[in-house]
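Only one structure is covered here, and it is reproduced in the block below.
2 protein chains.
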Amino acid sequence: MDATIFNALAEPSRLKIVELLRVQPRSVNEVALLLKLRQPQVSKHLHTLAEAGLVTVQPIAQQRIYMLQPEPFVRLEDWANSFQHYWDQQLDSLENHLKKG
Amino acid sequence: MDATIFNALAEPSRLKIVELLRVQPRSVNEVALLLKLRQPQVSKHLHTLAEAGLVTVQPIAQQRIYMLQPEPFVRLEDWANSFQHYWDQQLDSLENHLKKG
DNA sequence: TCTGTATATTCCTTGACAGGAATATACGCG
DNA sequence: CGCGTATATTCCTGTCAAGGAATATACAGA
Numbered sequence: 001m002d003a004t005i006f007n008a009l010a011e012p013s014r015l016k017i018v019e020l021l022r023v024q025p026r027s028v029n030e031v032a033l034l035l036k037l038r039q040p041q042v043s044k045h046l047h048t049l050a051e052a053g054l055v056t057v058q059p060i061a062q063q064r065i066y067m068l069q070p071e072p073f074v075r076l077e078d079w080a081n082s083f084q085h086y087w088d089q090q091l092d093s094l095e096n097h098l099k100k101g
Numbered sequence: 102m103d104a105t106i107f108n109a110l111a112e113p114s115r116l117k118i119v120e121l122l123r124v125q126p127r128s129v130n131e132v133a134l135l136l137k138l139r140q141p142q143v144s145k146h147l148h149t150l151a152e153a154g155l156v157t158v159q160p161i162a163q164q165r166i167y168m169l170q171p172e173p174f175v176r177l178e179d180w181a182n183s184f185q186h187y188w189d190q191q192l193d194s195l196e197n198h199l200k201k202g
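As you go down the protein sequences, you meet chains V and U in turn.
First residue of the first sequence: 1, per the working numbering; consecutive thereafter.
First residue of the second sequence: 102, per the working numbering; consecutive thereafter.
Next up, the structure:
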C-alpha cells in the first residue's frame, strides 16, 4: 500500500472535499462556496487529490467538474479489510510473547 | 471521518510499521531492526500511532510490545465501503452537469 | 545498588506544505 | 478583439513534523 492516498486524505480540507464529491461531482467554485474556502486553495487541494489519483476532471466550458475516482477507494477498502484476517493470530502472537518472553 | 487516522498512515515509515504489526505484535527494537530505522524514531512513530488509536502497548519486563487495534481499521473499511453506493449516482450527476450546464 | 538492556524524551535543524494575496491562463460571448 | 467568468499558478511566509544526536527513564538481575 502506498502512503500517497493517506497523505492526500490527511489534510482536513481535502477530506471534506472528498466527502463533498462523494455526493456528486462539483465545480471548483461549488466546493469553495460549500466549504467556505478560497478558490485558489480549493484548486490546489483538488490538484493534490488529482495527483494522488483520487479525483478526475471533466471540463465543461470554463468550468472544471471534479469527481471521485472509484479505484483508490476500492483499494483502500481491500487494504483495510485485509487486516481482519490477522486479529486472532495477533492475540496468539502476543501470548507467545508473554510466555516465551 | 476524522483525518487523524489518515495523518498517522501518511508517513511512509509509519505505514510500514503498521504493515509489520499486522503480521504480529512486536517490540520497538524488533520493528527498528526489521525496518532498519533508529530506535528513537520508531518510538516516536509508535507514539504517534498510539495517539491516533491505531496501536496499543503491552509492557513485558523492559520491553513494550505494540500491537494493532482493530477498531480504526474497521472504521476505515466501512468508510471506504460507503463510497461504493455513490458511483452510479455520480455518473448521473455528471450527465446533469453536462446537459444543464 | 550498580550495570546492562529497552524504550522514551528532549533539543536542534531542515524540509515540506498550507494559506494569503496577487497574477496568469482558459474559455465563451458580444 | 475586448470583457467577464472560472480556474490555475506563482510568490511569500509561517508552521509543523521528521530525523539525528544526545540524554533520560524504566526495569531486571547480580
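Each residue gets a CB set at the ideal place from its N, CA and C atoms; glycine is no exception.
Predicted model only: the values in this text are computed from it and were never measured.
Its Cα nearest to that of A109 (chain U), the residue U:L169 stands out among U:V124, U:Y187 and U:L169. Under the 9 Å criterion on CB atoms, A3 (chain V) is classed as interfacial with respect to chain U.
In terms of beta-carbon proximity, V175 (chain U) lines the interface with chain V, with at least one pair separated by less than 9 Å.
Judged by DSSP in its simplified three-state form, L9 (chain V) adopts helix.
Between E178 (chain U) and A3 (chain V), the beta carbon gap of about 18 Å keeps them out of contact (Cβ cut-off 8 Å). Under the DSSP assignment, L147 (chain U) falls in the alpha helix (DSSP H) whose first and last residues are Q140 to E152.
In the three-state scheme derived from DSSP, where H, G and I count as helix and E and B as strand, L122 (chain U) is classed as helix. Going by C-alpha positions, H47 (chain V) is about 20 Å away from E112 (chain U). Excluding residues up to 5 positions away in sequence, V28, N29 and A32 lie with their Cβ nearer than 7 Å to the Cβ of Q39 (chain V) in the same chain.
For the pair V119 (chain U) and L15 (chain V), the Cα-to-Cα distance works out to about 22 Å.
Not one beta carbon of chain U lies nearer than 9 Å to the beta carbon of R38 (chain V). Closest in alpha carbon position to K137 (chain U), among U:V124, U:Q164, U:A153 and U:S114, is U:S114. A straight-line Cα-Cα distance of about 43 Å links Q142 (chain U) and Q58 (chain V). Cα atoms of G154 (chain U) and I60 (chain V): separation of roughly 43 Å, rounded to the nearest angstrom.
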